[in-house]
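A.B. asks: These protein sequences, in sequence, are chains A and B.
Residue 5 is where the first sequence starts when you use our numbering, and the numbers rise one by one after that.
Residue 6 is where the second sequence starts when you use our numbering, and the numbers rise one by one after that.
For each residue, glycine too, the CB sits at the ideal point set by N, CA and C.
Please read these numbers as outputs of a predicted model, since none were measured by experiment.
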Amino acid sequence: MPEAAVEPGSFRDRSARVFIQDDEVFRGLNERALEQWNALSATAFFRRFVAEGGLVGTERLDPAAGPVPAFAADWAAVLRHERIPFVSYPYEWSFGMLRDAALLQLDLLLAALDEGMTLKDASAYNVQWRGAKPVFVDIASFERRPPGEPWIGYRQFCQLFLYPLLLTAYRDIPFHPWLRGSLEGIDPESCLNMLGLGGRLRRGVLTHVYLQARAQAAYGSTKRDVKADLRAAGFDSALIKANATRLRKLIAGLTWKRGRSTWSEYTKCGHYEAADAEAKRRFVGRAAATGSRRLVWDLGCNTGTFSRIAAEHASYVVALDADHLAVERLFQSLKAENHTRILPLVGNLTDPSPDLGWRNLERKRLASRGRPDLVLALALIHHVVIGANVPLDEFVDWLADLGGDIVIEFVTREDPMVGVLLRNKEDQYADYQLDVFERCLRARCEILEREPLGSGTRVMYWARPRG
Amino acid sequence: MRLLTPLLLACAFLLAWQPPVQAYLDPGSGSMLIQLLLGGVAGLAVILKLFWRRILDILHIGGHDRERPGDA
Numbered sequence: 005m006p007e008a009a010v011e012p013g014s015f016r017d018r019s020a021r022v023f024i025q026d027d028e029v030f031r032g033l034n035e036r037a038l039e040q041w042n043a044l045s046a047t048a049f050f051r052r053f054v055a056e057g058g059l060v061g062t063e064r065l066d067p068a069a070g071p072v073p074a075f076a077a078d079w080a081a082v083l084r085h086e087r088i089p090f091v092s093y094p095y096e097w098s099f100g101m102l103r104d105a106a107l108l109q110l111d112l113l114l115a116a117l118d119e120g121m122t123l124k125d126a127s128a129y130n131v132q133w134r135g136a137k138p139v140f141v142d143i144a145s146f147e148r149r150p151p152g153e154p155w156i157g158y159r160q161f162c163q164l165f166l167y168p169l170l171l172t173a174y175r176d177i178p179f180h181p182w183l184r185g186s187l188e189g190i191d192p193e194s195c196l197n198m199l200g201l202g203g204r205l206r207r208g209v210l211t212h213v214y215l216q217a218r219a220q221a222a223y224g225s226t227k228r229d230v231k232a233d234l235r236a237a238g239f240d241s242a243l244i245k246a247n248a249t250r251l252r253k254l255i256a257g258l259t260w261k262r263g264r265s266t267w268s269e270y271t272k273c274g275h276y277e278a279a280d281a282e283a284k285r286r287f288v289g290r291a292a293a294t295g296s297r298r299l300v301w302d303l304g305c306n307t308g309t310f311s312r313i314a315a316e317h318a319s320y321v322v323a324l325d326a327d328h329l330a331v332e333r334l335f336q337s338l339k340a341e342n343h344t345r346i347l348p349l350v351g352n353l354t355d356p357s358p359d360l361g362w363r364n365l366e367r368k369r370l371a372s373r374g375r376p377d378l379v380l381a382l383a384l385i386h387h388v389v390i391g392a393n394v395p396l397d398e399f400v401d402w403l404a405d406l407g408g409d410i411v412i413e414f415v416t417r418e419d420p421m422v423g424v425l426l427r428n429k430e431d432q433y434a435d436y437q438l439d440v441f442e443r444c445l446r447a448r449c450e451i452l453e454r455e456p457l458g459s460g461t462r463v464m465y466w467a468r469p470r471g
Numbered sequence: 006m007r008l009l010t011p012l013l014l015a016c017a018f019l020l021a022w023q024p025p026v027q028a029y030l031d032p033g034s035g036s037m038l039i040q041l042l043l044g045g046v047a048g049l050a051v052i053l054k055l056f057w058r059r060i061l062d063i064l065h066i067g068g069h070d071r072e073r074p075g076d077a
């Protein structure tokens, strides 16, 4: 067996560690974590959530049944997890995704408490996605609840779930830059300041934000053993249940009332003539249906029309757009269909998710999480080159470096959308020409198909990088 | 024989005492205390008990909150 690679983001809880080997995900458990696993795997809620898809499929490796990875010798036991098709992070999710992930976290906590267990943390990074369905992946977070112990993950839940949701729901402040800026989430004091005076009167703010901020300021550095005090005073699971149940109600009722965004109305606005749109669908369908496509990236997916076409042929599609509302709408429609093969993500190619955390290895850039064998870049290039000033040849090189087939639509200068982008800018984009583009593409790729669309201002290309 | 009884008692006491398991995550003292307010009626009862114990602590009446067998 080849050497297993340690997942560098799994170091925080020393009782377990994640390893990747042969495209499989394993988790080594120490003695204490093994005891907790034995307790968890015997519960009814564990079986129920795994069957319903809310918990990642997990089994304990039996050394007697066959070869085990070499690292198993260092651990009391090893679990094997079902592989999640593509890892994503909370700062890439839409509002509805963060809300659903929060509700799953609370549902798991409540179910665990009913059977004498609890979750020892409440990190949003413990939730991943199968399409539009959230999956809790950190099995080692479950433990038997020590008598008298409060909810250890409450503060973390607020910082990584509740506060980002409140800011977007109450103040229309996007949570993405805040979560990307701090892996610990938003602290109560900062959240309070951003909510402002008016925000303090909104539901949930007085208790979960204001009082928590004040309590942390007053007792954060106390020398008393607060946990022991609470245990001695008889803190029991009914308090956690009451809190979690109320939080669940609060979060389920949060909505993001934002009006129309620039791009989420794009497909409805008639930018495409019907014939163009149909030809484009057929073109994408042909490229997606060729070979066995494991992972497709749809960059600038808008409301996901072409992600859906790709998903008819590919195992999994990552649909990325910088427009939060477009992604939210895509997520809501996928959720309604119970779609599990398109992952909608909020992301800007020219300000992409970086490598973050300890040694810059805890959270990874997109390409380090799985390279696509097909990339769709439809009606995107003018935004990257003219809108964000990226040199055209660099953009084509970047696409080719991803290694997979490319389906790209070139939008010519005669197109009204290019006119809109150039309206208030100095035209310094001499490279933005169809012949320059084609030369750049040919320098790196073999062009498999080329089709001008009927409108005359757009040309479709299907290209394959050489070597 | 004279030693056996206190020894057995000490063993029983040690077995009954569960060492507190520390979490890897710092829950925050203030965030733990605020959970009393968020726990509804059950939280109110614990608050009263907590204050009552503190009053007894101050007056040096009764046992201490965090008394452990080894402290005796």
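Tell me which residues share the same chain as residue 103 of chain A and place their Cβ nearer than 7 Å to its Cβ, disregarding the 5 neighbours each side in the sequence.
C.D. replies: Once the five neighbours on either side are set aside, the close Cβ partners of residue 103 of chain A are 169, 255 and 258.
A.B. asks: What does the Cβ neighbour count give for residue 197 of chain A, buried or exposed, with the cut at 16 atoms within 10 Å?
C.D. replies: That one is exposed.
A.B. asks: How big is the Cα-Cα spacing for residue 311 of chain A and residue 321 of chain A?
C.D. replies: The alpha-carbon atoms of residue 311 of chain A and residue 321 of chain A are separated by roughly 6 Å.
A.B. asks: Residue 327 of chain A: buried (16+ other C-beta within 10 angstroms of its C-beta) or exposed?
C.D. replies: It is buried - the Cβ of residue 327 of chain A has at least 16 other Cβ atoms within 10 Å.
A.B. asks: Suppose the cutoff is 6 Å on Cβ atoms and the five residues either side in sequence are ignored; what does the same chain contact list for residue 408 of chain A look like?
C.D. replies: So the qualifying residues of the chain are 376, 377, 378 and 379.
A.B. asks: Is it true that the stretch 27 to 40 of chain A meets the stretch 71 to 89 of chain A, where meeting means three or more beta-carbon pairs spaced less than 8 Å apart?
C.D. replies: Yes, the stretch 27 to 40 of chain A is in contact with the stretch 71 to 89 of chain A.
A.B. asks: DSSP three-state call for residue 352 of chain A: helix, strand or coil?
C.D. replies: Residue 352 of chain A falls in the strand class under three-state DSSP.
A.B. asks: Is it the case that the Cβ atoms of residue 448 of chain A and residue 420 of chain A are separated by a distance below 8 Å?
C.D. replies: Taking 8 Å as the Cβ cut-off, residue 448 of chain A and residue 420 of chain A do not qualify as a contacting pair.
A.B. asks: Which residues of chain B have a Cβ atom closer than 8 Å to the Cβ of residue 211 of chain A, listed in chain order?
C.D. replies: Those are 39, 42 and 43, listed as they occur along chain B.
A.B. asks: Report the option in A/149, A/193, A/236 and A/336 whose CA atom is closest to the CA atom of residue 308 of chain A.
C.D. replies: The shortest Cα separation from residue 308 of chain A among A/149, A/193, A/236 and A/336 belongs to A/336.
A.B. asks: If contacts are defined as beta-carbon pairs under 8 Å, then residue 163 of chain A and residue 191 of chain A qualify, I think. What distance do you get, rounded to the angstrom?
C.D. replies: Contact flag correct, Cβ pair sits at about 6 Å.
A.B. asks: Looking at the strands, I want to know which residues DSSP matches up with residue 321 of chain A.
C.D. replies: Residue 321 of chain A pairs with A/300 and A/346.
A.B. asks: Cβ of residue 64 of chain B less than 8 Å from any chain A Cβ?
C.D. replies: Not one chain A Cβ lies under 8 Å of residue 64 of chain B.
A.B. asks: Any idea if residue 424 of chain A is buried or exposed, counting beta-carbon neighbours within 10 angstroms, 16 or more meaning buried?
C.D. replies: So residue 424 of chain A ends up on the exposed side.
A.B. asks: Please classify residue 398 of chain A: is it buried, with 16 or more other beta-carbons within 10 angstroms of its beta-carbon, or exposed?
C.D. replies: Burial call: exposed.
A.B. asks: Please list the residues of the stretch 150 to 167 of chain A that have a C-beta atom closer than 7 Å to any C-beta atom in chain B, keeping them in chain order.
C.D. replies: Of all residues in the stretch 150 to 167 of chain A, 150, 154, 155, 156, 157, 158, 159 and 160 have a Cβ within less than 7 Å of some Cβ in chain B.
A.B. asks: Using 8 Å as the limit for Cβ to Cβ distance, is residue 368 of chain A near chain B?
C.D. replies: With 8 Å as the cut-off, residue 368 of chain A does not count as an interface residue toward chain B.
A.B. asks: Does DSSP put residue 382 of chain A in a helix, a strand or coil?
C.D. replies: Of the three classes helix, strand and coil, the one that applies to residue 382 of chain A here is coil, per DSSP.
A.B. asks: Using the Cβ count rule (16 or more neighbours within 10 Å means buried), how would you classify residue 18 of chain A?
C.D. replies: Residue 18 of chain A is exposed by the Cβ-count criterion.
A.B. asks: Compare the C-beta of residue 30 of chain A with all C-beta atoms of chain B and state if any pair is closer than 8 Å.
C.D. replies: So, not an interface residue.
A.B. asks: Can you give the beta carbon distance from residue 47 of chain A to residue 99 of chain A, rounded, assuming they're within the 8 Å contact cut?
C.D. replies: Not confirmed; about 32 Å, so no contact.
A.B. asks: Kindly indicate which residue of A/315, A/303, A/370 and A/357 has the alpha-carbon position closest to the one of residue 410 of chain A.
C.D. replies: Residue A/303 is the option with its Cα nearest to residue 410 of chain A.
A.B. asks: What separation, rounded to the nearest whole angstrom, lies between the Cα atoms of residue 240 of chain A and residue 122 of chain A?
C.D. replies: Rounded to whole angstroms, residue 240 of chain A to residue 122 of chain A spans 12 Å at the Cα level.
A.B. asks: Do you know offhand how far residue 234 of chain A's Cα is from residue 50 of chain A's?
C.D. replies: C-alpha separation (whole angstroms): 29 Å.
A.B. asks: If you follow the alpha helix (DSSP H) that residue 249 of chain A is in, where does it begin and where does it stop?
C.D. replies: Its alpha helix (DSSP H) spans residues 241 to 256.
A.B. asks: According to DSSP, which residues form a beta bridge with residue 121 of chain A?
C.D. replies: Answer is A/148.
A.B. asks: Can you list the residues of chain B that residue 226 of chain A reaches, using a CB-CB cut of under 8 Å?
C.D. replies: The answer, in chain order, is 34.
A.B. asks: Going by alpha carbons, who is nearest to residue 395 of chain A out of A/403, A/219 and A/436?
C.D. replies: Closest by alpha carbon: A/436.
A.B. asks: Give me the Cα-Cα distance between residue 365 of chain A and residue 15 of chain A, rounded to the nearest whole angstrom.
C.D. replies: If I take the Cα positions, the gap works out to 11 Å.
A.B. asks: Which class does residue 373 of chain A belong to by DSSP, given the choice of helix, strand or coil?
C.D. replies: Helix at residue 373 of chain A.
A.B. asks: Hey, residue 323 of chain A and residue 292 of chain A: beta-carbon distance below 8 Å or not?
C.D. replies: No. Outside cutoff.
A.B. asks: Would you decide whether residue 76 of chain B is buried or exposed? Buried here means 16 or more other CB atoms lie within 10 Å of its CB.
C.D. replies: Bear in mind that the predicted position of residue 76 of chain B carries a pLDDT of just 38, short of 50, making it unreliable; the figure below should be weighed with that in mind. Per the 10 Å Cβ criterion, exposed.
A.B. asks: Pick out whichever of A/101, A/143, A/37 and A/443 has its Cα sitting closest to the Cα of residue 62 of chain A.
C.D. replies: For the residues A/101, A/143, A/37 and A/443, the minimum Cα distance to residue 62 of chain A belongs to A/143.
A.B. asks: Have a look at residue 183 of chain A and residue 367 of chain A and give me their C-alpha separation to the nearest angstrom.
C.D. replies: Distance between the alpha carbons of residue 183 of chain A and residue 367 of chain A: 12 Å.
A.B. asks: Helix, strand or coil for residue 449 of chain A, going by three-state DSSP, please let me know.
C.D. replies: Looking at residue 449 of chain A - three-state DSSP - the assignment turns out to be strand.
A.B. asks: Below 9 Å on C-beta distance, what does residue 132 of chain A contact in chain B?
C.D. replies: Result: empty, since nearest Cβ-Cβ is about 20 Å, beyond 9 Å.
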